[in-house]
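Trainee:
Residue numbers (our numbering): 2 to 1079.
1. Given this structure, state the Cα-to-Cα distance separating residue 538 from residue 632, to the nearest angstrom.
2. Tell me, to the nearest whole angstrom, how far the beta carbon of residue 672 is from that of residue 634; I am working on the premise that it is less than 8 Å.
3. So who's on the other strand from residue 344, going by DSSP bridges?
4. Near residue 777, which residues of its chain fall below 6 Å by C-beta distance, leaving aside the five closest residues on each side in sequence?
5. Between residue 894 and residue 916, which are expected to be in contact by the criterion C-beta below 8 Å, what is the C-beta distance as a whole number of angstroms?
6. CA-CA distance, residue 515 and residue 541?
7. Are the beta-carbon atoms belonging to residue 218 and residue 253 less than 8 Å from one another?
8. Can you list, in chain order, the residues of its chain with a C-beta nearer than 6 Å to that of residue 165? Leave out the 5 residues immediately preceding and following it.
9. I think residue 806 touches residue 844, with their Cβ atoms under 8 Å apart; what is that distance to the nearest whole Å?
10. Figure out for me which residue from 592, 307, 983 and 575 has the closest Cα to the Cα of residue 617.
11. State whether the segment 703-716 contacts the segment 662-669, with contact taken as three or more CB pairs (one from each stretch) at a distance under 8 Å.
12. Identify whether residue 597 lies in helix, strand or coil by the three-state DSSP scheme.
13. Residue 442 and residue 479 - do their beta-carbons sit closer together than 8 Å?
14. Could you please give the first and the last residue of the uninterrupted beta strand (DSSP E) stretch that includes residue 988?
15. For residue 232, which of 664, 185, 838 and 824 has the nearest alpha-carbon?
16. Quick check: the Cα distance between residue 694 and residue 911, rounded to an integer number of angstroms?
17. Quick one: is residue 678 near chain D, going by C-beta distance under 8 Å?
18. Expressed to the nearest angstrom, what Euclidean distance is found between the alpha-carbon atoms of residue 646 and residue 1041?
19. Rounding to the nearest angstrom, what Cα-Cα distance links residue 602 and residue 626 in this structure?
20. Give the secondary structure of residue 772 by DSSP, where H, G and I count as helix, E and B as strand, and everything else as coil.
21. By a C-beta neighbour count over all protein chains shown, 10 Å radius and 16 as the cutoff for buried, is residue 750 buried or exposed?
22. What is the C-beta distance between residue 556 and residue 523, in whole angstroms, given that I count them as a contact (C-beta under 8 Å)?
23. For residue 851, which residues of its own chain have a beta-carbon under 6 Å away from its beta-carbon, when the five flanking residues on both sides are left out?
24. Express the C-alpha separation of residue 321 and residue 1 in angstroms, rounding to a whole number.
25. Could you check what DSSP says for residue 821 in three-state terms: helix, strand or coil?
26. Taking only runs of the beta strand (DSSP E) that begin and end inside the segment 677-723, which ones reach a length of at least 3 residues, in chain order?
27. Going by beta carbon distance, what residues of the same chain come within less than 6 Å of residue 958, once the five residues before and after it are set aside?
28. Could you check whether residue 697 and residue 679 sit closer than 8 Å to each other, using their CB atoms as the reference points?
29. Flag this pair as yes or no: are the beta carbons of residue 527 and residue 549 separated by less than 8 Å?
30. What does the alpha-carbon distance come out to for the pair residue 173 and residue 226?
31. Flag this pair as yes or no: are the beta carbons of residue 290 and residue 266 separated by less than 8 Å?
32. Let's test the definition: count the other Cβ atoms within 10 Å of the Cβ of residue 832 and tell me whether it reaches 16, buried, or not, exposed.
33. Hey, could you find the ends of the beta strand (DSSP E) residue 325 is sitting in?
34. Looking only at its chain, what residues have a beta carbon closer than 6 Å to the beta carbon of residue 967, apart from the 5 residues adjacent to it on each side?
35. Buried or exposed, going by whether 16 or more other CB atoms sit within 10 Å of the CB of residue 676?
36. Taking the alpha-carbon positions, what's the residue 482 to residue 376 distance?
In structure tokens:
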């Protein structure tokens, strides 16, 4: 038989059998759908499924497989859910039917509807099973234990399922009883899960996610001997409605999850999915071990929007400390790639903070440094976390205009109450933002207060910021290291703008260190500044060294910062020049300049000092200086002095204005110690003379001149030493001092020049010493009154000069308003006294010599005088009397004076009133023109025509007086004037020092009795019947005496005897007779 024929027969048989079977099924179906058969089937279904079914809900089918159909099924799945099935088709295995056995081949559920029992679900909260694997395995075991599942292969198909949770679902479950394997495939659309309606979700998200929307979902999973549950889940997109933020929904696309659950482990892998919000790509790997192996959950992300993630995660994870800390640090930006997870050997402690690990990198991020108000913008870098320590490694970023170039931040997340951390950040600093940054980082500190005093700061620096916190200290330990500093700004405590152009800066906790800093104050340069400042407590400061080039006129206000500088010398208004400081060191509290200990060396060039009247008193100043806390030394001082008004507070302007300027100061030195000051140098006068000087004292304002050396060619070379010690002489003088040297130093019309001329006249003055050291003063004229103080003081215990002997040769000496001529004296200085021997002097023509002893110590009087008058050659009385009285001459004639006076008192002023001795005066052939006492006396006795004192006077043959001096009062023992026509006898006393007198006179005119009686009404006495005398008294002031006539009885016998002796002289008797004849 050929092959074609055989093929045609086979096809015919197959088609015939098929048609017969189809016809048979349609023919048999009505026969088996009787009530009896369906009732039997209903009991069978109830027995197998437990679902109560009425026979009218059942119908038998034969195609495509034999089976039955149930409609209108309603069943309670569990206490929370029930199901309503529109139609269920149960198909049987034909081979088993041929063996008269029932075995299910397929179950098809059409349009089932899952209904949630809200009343029951609301009262019973879901509790997660303690053993997920066992719970799932038991679920599948229960499925295989169902009566209808006792078959080798069962296919369950669900079509168009609906529920409260989704719109539609198609599902297929393939069960293999022999291997107890299950394969599930499902697709779901319109899935919406209200979390408050699903206990397991509500427990997981705790209300932070209100709903989840999934447009389409497909899942494939299997259960077999190796896997309790394994498969994959795919979601086209997913949206989660968040409680916060309310204006956003979390949204992801292309969700592809592979999972596996076995006895030993739960694993899952979520392929990176696209997140629309928060934006990024996220994948998950989960591995949970129930044995000895480690468990882990790992999230991987790419291009994660940190700001959006922060918005989503913070509300979702509220109450969990770790994400709060993380997102407080990380504020915004993009995480390019990040891995976050937990890993632990004990699954029970998997989510402990110490098991958290993070690795990843981000860019364009905003990072807040913990516990300090510092936010880094546009930052990039990486981070990792291990053993509870989060480490962040920034690669770039900026804080304001400050650029972060790298660094590291370590945060210990294990500590929940306070988060100890440490950070180190290299920076390219914009210094304009530094003051405010440090104020915010260290509020309330001394550094913050001082930063607030900085303004207008600009510049840049390379810096490293280090932040540390420990459990023991709540305050942040801040360390800032800066180098390559370039800055310009103003500091309120300094009067000039500050510029820094090099060096390093360190702030370490409360310590500030400046290392090799250089820059400027205004135009003044500062270099090599090294200093330590402790900004705690009293803020001790230690400037170890510094060099500077200072423009003095700019930094003059800085002087007030230094000890003693707040009280600038009164006349000083400003100063200028250049100060080069070679080394400057300072120790002490920063804000207590009076406690500073300063060490400074350097020099000043081109200096000038300007005083209050804007005059440049000192110019071309040069000096070197060395200042320590105990000593200030200014050496090599040289300058031009153009004004001396600055000395007028200590020296009278009359003196300073007398000196010819300018003066040139050279080789000067100033030293100030705690209790001693010294100033010495050499002044060159415009005349060419030089004055070397030294002044010292316990303080600047108490310095006195101690040494003086004057040189003027061959004319003058004088050394003077001045002492203040009570056991030393006032002056030590050696050399020679000539008057022209002093004249050439002074303005011709000045006060000192006039004083010099008043003291010496136009004549020469020379003070010199010889080889033995004796001083010789030689002068034509010397006026001591012009420069001695008008008030006489007690004799000093100190000698004037050191030398034991001093010789004085003065042609004219004015002293105490007296003029002494031809004064030759020797002054001898002993240890306890001084002797002044005046070997010769002329006072108003009187030859005198005197010895004065000054004895200031002991019980003896301080001043002793012994003066001798010895005018043996006759002198013109008119010159002497006029000179002594200081009035016009009233007496002419020649005289002699002999006598001596001795005085002793405590002072020179007192010794004038303590003179004692005797005087003897003799004059002859003279004429008296005027005397107040005589004028009033003769006027009183009214001798008419005898004399006219104003014009003619009256002549005398002799005028003698003998007197004793007691306590400077002249006691006249007898005084006789034998005049041409009268005789005058006097006795009494006169006190020239007190302008007082009391003298009794007898006046006897040489006339006849008749003539006398005719003209004189008062008769005093008759002598031998032929002579009359008139008694009178002069008393009161010598300059204005009172003269009165006396009763004859008031005249003493002594005066009468003297008058009688005068009248009885032969010459007088003859003259009287001649007068009577006329």
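Don't be surprised by glycine CBs; every beta carbon is placed ideally from N, CA and C.
Mentor: Put simply:
1. Translated into positions along the chain shown, residue 538 becomes position 537. Translated into positions along the chain shown, residue 632 becomes position 631. Each residue's Cα considered, the two are about 29 Å apart.
2. Sequence index remark: in the chain shown, residue 672 carries index 671 (1-based). Sequence index remark: in the chain shown, residue 634 carries index 633 (1-based). With a Cβ gap of about 5 Å, residue 672 and residue 634 count as contacting.
3. Numbered from its first residue, the chain shown carries residue 344 at position 343. The partner list for residue 344 (beta bridge, DSSP) reads 297.
4. Mapped onto the chain shown, residue 777 falls at position 776. Excluding sequence neighbours, residue 777 sits near 769 and 808.
5. In the chain shown, residue 894 corresponds to position 893, counting from 1. In the chain shown, residue 916 corresponds to position 915, counting from 1. With 8 Å as the limit, residue 894 and residue 916 do not qualify as a contact, their Cβ atoms being about 26 Å apart.
6. Stepping through the chain shown from its first residue, residue 515 is reached at position 514. Stepping through the chain shown from its first residue, residue 541 is reached at position 540. Computed Cα separation, rounded: 14 Å.
7. For the purposes of this step, residue 218 is taken as the residue at position 217 of the chain shown. For the purposes of this step, residue 253 is taken as the residue at position 252 of the chain shown. Result no, Cβ atoms of residue 218 and residue 253 do not sit closer than 8 Å.
8. Here residue 165 refers to the residue found at position 164 of the chain shown. Once the five neighbours on either side are set aside, the close Cβ partners of residue 165 are 117.
9. Residue 806 sits at position 805 when you count from the first residue of the chain shown. Residue 844 sits at position 843 when you count from the first residue of the chain shown. So it is not a contact: roughly 24 Å between Cβ atoms.
10. Within the chain shown, the letter at position 616 stands for residue 617. For the residues 592, 307, 983 and 575, the minimum Cα distance to residue 617 belongs to 575.
11. no
12. For the purposes of this step, residue 597 is taken as the residue at position 596 of the chain shown. Looking at residue 597 - three-state DSSP - the assignment turns out to be coil, as it is neither helix nor strand.
13. The residue you call residue 479 lines up with position 478 of the chain shown. The residue you call residue 442 lines up with position 441 of the chain shown. Result yes, Cβ atoms of residue 479 and residue 442 sit closer than 8 Å.
14. Residue 988 sits at position 987 when you count from the first residue of the chain shown. Start and end: 983-992.
15. What you label residue 232 is simply residue 231 of the chain shown in a count that begins at 1. The shortest Cα separation from residue 232 among 664, 185, 838 and 824 belongs to 185.
16. The residue labelled residue 694 in the question sits at position 693 within the chain shown. The residue labelled residue 911 in the question sits at position 910 within the chain shown. Taking the straight line from one Cα to the other gives about 38 Å.
17. Reference to chain D is not applicable here, since this structure consists of a single protein chain.
18. Along the chain shown, read from residue 1 onward, the residue named residue 646 stands at position 645. Along the chain shown, read from residue 1 onward, the residue named residue 1041 stands at position 1040. In a straight line, the C-alpha of residue 646 is about 50 Å away from that of residue 1041.
19. To locate residue 602, count along the chain shown from 1; it is residue 601. To locate residue 626, count along the chain shown from 1; it is residue 625. Those two C-alpha atoms are separated by around 5 Å.
20. Working through the chain shown from its first residue, we reach residue 772 at position 771. Coil at residue 772, not helix or strand.
21. Taking the first residue of the chain shown as position 1, residue 750 is located at position 749. Residue 750 should be labelled exposed.
22. Residue numbering aside, residue 556 sits at position 555 when the chain shown is read from its first letter. Residue numbering aside, residue 523 sits at position 522 when the chain shown is read from its first letter. So it is a contact: roughly 7 Å between Cβ atoms.
23. Taking the first residue of the chain shown as position 1, residue 851 is located at position 850. Hits under 6 Å: 839 and 868.
24. Here the chain covers residues 2 to 1079 and nothing more, so residue 1 does not appear.
25. Residue 821 sits at position 820 when you count from the first residue of the chain shown. Correct three-state label for residue 821: strand.
26. 678-685, 691-698, 705-713 and 717-723
27. Taking the first residue of the chain shown as position 1, residue 958 is located at position 957. 979.
28. Mapped onto the chain shown, residue 679 falls at position 678. Mapped onto the chain shown, residue 697 falls at position 696. Cβ atoms of residue 679 and residue 697: closer than 8 Å.
29. Here residue 527 is taken as the residue at index 526 of the chain shown, counted from 1. Here residue 549 is taken as the residue at index 548 of the chain shown, counted from 1. Yes, these two residues count as a Cβ contact at 8 Å.
30. Numbered from 1 along the chain shown, position 172 holds the residue referred to as residue 173. Numbered from 1 along the chain shown, position 225 holds the residue referred to as residue 226. C-alpha separation (whole angstroms): 20 Å.
31. Translated into the one-based positions of the chain shown, residue 290 becomes position 289. Translated into the one-based positions of the chain shown, residue 266 becomes position 265. Cβ distance < 8 Å, so residue 290 and residue 266 count as in contact.
32. Position 831 of the chain shown holds residue 832. Exposed is the call here.
33. Position 324 of the chain shown, counted from the start, is the residue given in the question as residue 325. Note, residue 325: premise wrong, no beta strand (DSSP E); alpha helix (DSSP H) at 322-330.
34. Here residue 967 corresponds to residue number 966 of the chain shown, with the count starting at 1. Closer than 6 Å at Cβ, skipping near neighbours: 917.
35. For this step, residue 676 is matched to residue 675 along the chain shown. The residue is exposed, with fewer than 16 neighbouring Cβ atoms inside 10 Å.
36. To locate residue 482, count along the chain shown from 1; it is residue 481. To locate residue 376, count along the chain shown from 1; it is residue 375. Going from the Cα of residue 482 to the Cα of residue 376 covers about 19 Å.
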